[in-house]
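First the structure, in the form of structure tokens, and then the observations on it.
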Amino acid sequence: MSRPHVEAASKAIGDTLLGAGFDILKSKAGDQHPAGPPQHGAMGQAERAFSAASTFLSGVLAISASQFIGAPLKLIDPKFYDGYMAWTKESFAVLTATMTQWWAPTAVRVTGDESMKDQLYQMEDGSLRCNFPHRLVMMANHQLYTDWLYLWWIAYTNKMHGRIYIILKESLKNVPIFGWGAQFYNFIFLSRKWETDKSRFQRHLSQLSNPKDPMWLLIFPEGTNLSETTRAKSKAWADKQGISDMKHQLLPRKTGLQFCLQRLKESTNWLYDCTIAYEGVPEGQFGQDIFTLRSSFFEGRPPKSVNMYWRRFKISDIPIDNDEAFERWLKNRWTEKDYLLEHFYRHGSFPA
Numbered sequence: 001m002s003r004p005h006v007e008a009a010s011k012a013i014g015d016t017l018l019g020a021g022f023d024i025l026k027s028k029a030g031d032q033h034p035a036g037p038p039q040h041g042a043m044g045q046a047e048r049a050f051s052a053a054s055t056f057l058s059g060v061l062a063i064s065a066s067q068f069i070g071a072p073l074k075l076i077d078p079k080f081y082d083g084y085m086a087w088t089k090e091s092f093a094v095l096t097a098t099m100t101q102w103w104a105p106t107a108v109r110v111t112g113d114e115s116m117k118d119q120l121y122q123m124e125d126g127s128l129r130c131n132f133p134h135r136l137v138m139m140a141n142h143q144l145y146t147d148w149l150y151l152w153w154i155a156y157t158n159k160m161h162g163r164i165y166i167i168l169k170e171s172l173k174n175v176p177i178f179g180w181g182a183q184f185y186n187f188i189f190l191s192r193k194w195e196t197d198k199s200r201f202q203r204h205l206s207q208l209s210n211p212k213d214p215m216w217l218l219i220f221p222e223g224t225n226l227s228e229t230t231r232a233k234s235k236a237w238a239d240k241q242g243i244s245d246m247k248h249q250l251l252p253r254k255t256g257l258q259f260c261l262q263r264l265k266e267s268t269n270w271l272y273d274c275t276i277a278y279e280g281v282p283e284g285q286f287g288q289d290i291f292t293l294r295s296s297f298f299e300g301r302p303p304k305s306v307n308m309y310w311r312r313f314k315i316s317d318i319p320i321d322n323d324e325a326f327e328r329w330l331k332n333r334w335t336e337k338d339y340l341l342e343h344f345y346r347h348g349s350f351p352a
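Everything in the sequence shown is counted per full-length UniProt numbering, starting at 1 for the first residue and increasing by one.
Here it is as structure tokens:
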């Protein structure tokens with residue numbers, strides 16, 4: 001059987017997805033933007049910004065209000081509370097996907113290796129349906145601030161968008177509305193200080209360890225998205241350690257992922273890996289500087305396509321209890337992902 005391939009068209013929520021970074025400033029790519037000149041003038045951009053902001057704020061405020069209203073349920077019926085918060089999480093996923101279809105429609109292309117046989121299906125209407133298990137750990141490279149939204153959309157195609165848990169930077173915890181909502185969603189915020197993070201990690205993972213509870217846990221082992229600054233830091237670290245750096249990614253950090261797999265190995269069988277790439281990023285430039293919030297949503301210049309290459313690994317086959325062996329294993333997987341990205345940037349697609 002050939003590897004699955006899905007190219008989503010802009011017909012329904014399941015067909016298109018998000019396409020922007022959080023930077024509201026003008027793209028640094030200037031007139032060389034891969035999507036061409038702005039599709040809307042200054043007045044049009046202002047109108048789009050107002051309508052998008054109004055839609056988002058009204059939706060988020062309604063969802064946040066429902067979260068606060070439902071908060072007392074945690075004391076009355078914790079199980080019902082979890083289901084209620086999962087419903088509000090589903091609502092947020094649908095809101096972001098719908099907004100992107102309206103303001104920044106983007107084709108999503110999904111492929112996978114032989115391990116993904118019977119996992120990815122293209123429906124008759126061109127939409128994607130995933131057949132992933134109800135419990136898994138998911139890792140991905142981090143190209144844009146909004147990678148996690150595309151992966152949340154993958155959960156939507158699997159009817160798991162209310163049961164996804166994302167590991168995020170501590171700084172996002174204090175973002176108004178978003179940070180508050182993410183705490184209700186039981187997302188995990190890390191400060192990158194293991195002495196501080198370990199106990200917090202342990203508490204969250206213990207809550208997610210029931211094998212009967214559906215759970216997708218998303219982690220970005222690079223710790224942050226690719227940019228000029230983080231690219232330099234990754235190279236400096238590689239030079240200091242005497243190891244080879246990545247070309248299209250940052251060097252991954254093993255501690256968080258290893259801890260997750262160790263704590264969840266009794267209740268979760270699979271680690272899913274996504275390599276994500278954006279069409280149109282010139283060599284030597286960074287997606288976050290090109291596909292900003294302004295260029296994608298207001299100027300009408302989202303990525304031409306978002307591309308994902310999927311693999312999966314049995315957790316029982318990964319050396320999670322040996323620090324050195326696991327570090328080598330993770331580095332090897334990231335090296336493979338770098339080769340996949342090199343192929344994508346040379347040929348415009350992942351290997352078939």
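For every residue, glycine included, the Cβ atom is placed at its ideal position computed from N, Cα and C.
For residue j and residue i, the rounded distance between their alpha carbons
i           : j      : result
residue 359 : Phe68  : Because the chain here runs from 1 to 352, residue 359 falls outside it and cannot be looked at.
Ala352      : Gln122 : 16 Å
Tyr309      : His33  : 25 Å
Arg312      : Asn269 : 10 Å
Phe291      : Pro37  : 13 Å
Leu73       : Arg48  : 38 Å
Asp112      : Thr224 : One detail in the question is off: residue 112 reads as Gly in this sequence, not Asp. Whole-angstrom Cα-Cα distance: 24 Å.
Ala93       : Val175 : 18 Å
Gly30       : Thr229 : Note that Gly30 scores a pLDDT of 48, beneath 50, so its modelled location is shaky; the value from the coordinates is reported in the next line. Gly30 and Thr229: Cα-Cα distance of roughly 20 Å.
Asp239      : Arg231 : 12 Å
Lys265      : Lys304 : 38 Å
Gly70       : Leu57  : 20 Å
Ser115      : Lys314 : 10 Å
Pro302      : Gly348 : 17 Å
Val60       : Phe50  : 15 Å
Ser244      : Ser91  : 43 Å
Gly126      : Ala325 : 42 Å
Gln262      : Gln45  : 48 Å
Ile63       : Tyr345 : 39 Å
Leu257      : Arg192 : 13 Å
Ser199      : Ala107 : 40 Å
Ile24       : Gly287 : Note on Ile24: pLDDT 41, under 50, position unreliable in the model; the coordinate value appears next. Cα to Cα, the separation comes out at about 14 Å.
Phe201      : Gln143 : 24 Å
Thr335      : Ser227 : 19 Å
Met99       : Lys79  : 31 Å
Tyr339      : Phe350 : 10 Å
Ala182      : Lys212 : 23 Å
Met138      : Gln285 : 27 Å
Ile219      : Ile76  : 31 Å
Pair within 9 Å by beta-carbon distance, residue i and residue j
i      : j      : result
Trp216 : Ala155 : yes
Gly162 : Lys233 : no
His134 : Phe298 : no
Asp197 : Leu190 : yes
Leu208 : Tyr165 : yes
Glu222 : Gln249 : yes
Ile320 : Tyr150 : no
Leu341 : Lys247 : yes
Pro282 : Lys331 : no
Gly300 : Ala35  : yes
Cys274 : Ala97  : no
Val110 : Leu128 : yes
Trp148 : Leu168 : yes
Phe178 : Asn158 : no
Nearest to residue i (by Cα), restricted to the options the options
i           : options                        : result
Leu293      : Gly223, Ala104, Glu228         : Ala104
Arg328      : Thr98, Lys254, Thr100, Gln207  : Lys254
Cys260      : Asp82, Ile318, Trp102, Gly242  : Ile318
Lys337      : Arg301, Asn307, Ser91          : Asn307
Asn186      : Arg192, Glu195, Lys173         : Lys173
residue 366 : Ser66, Gln101, Ala97, Leu95    : An answer regarding residue 366 cannot be provided, because it is not within the stretch 1 to 352 covered by the chain.
Asp289      : Ala42, Phe80, Thr146           : Thr146
Met160      : Pro214, Val108, Ala97, Gly287  : Pro214
Ala42       : Ala182, Ser295, Arg346, Leu226 : Ser295
Cys130      : Gln119, Gln45, Val137, Leu136  : Gln119
His343      : Thr157, Glu279, Gly287         : Glu279
Glu210      : Thr157, Ser267, Ile167         : Looking at the sequence provided, one finds Asn at residue 210 rather than Glu. Considering only alpha carbons, the answer is Ser267.
Trp102      : Ile76, Met138, Thr55           : Thr55
Trp152      : Ser171, Leu95, Glu170, Glu124  : Leu95
Beta-bridge pairing of residue i - partner residues as DSSP gives them
i      : result
Ala182 : Per DSSP, none; premise fails for Ala182.
Arg192 : BP columns for Arg192 are empty, so no partner.
Val306 : Val108, Tyr278
Met215 : Arg135
Trp334 : None, per the DSSP bridge assignment.
Phe313 : Leu271
Leu168 : Phe189
Chain D contact for residue i (CB, 9 Å cutoff)
i      : result
Gly242 : Checking the listed chains, one finds no chain D in this structure; it contains a single protein chain.
Problem set entry | Inside the region 72 to 147 only - beta strand (DSSP E) runs reaching at least 3 residues | 107 to 112, 120 to 122, 128 to 130, 135 to 140
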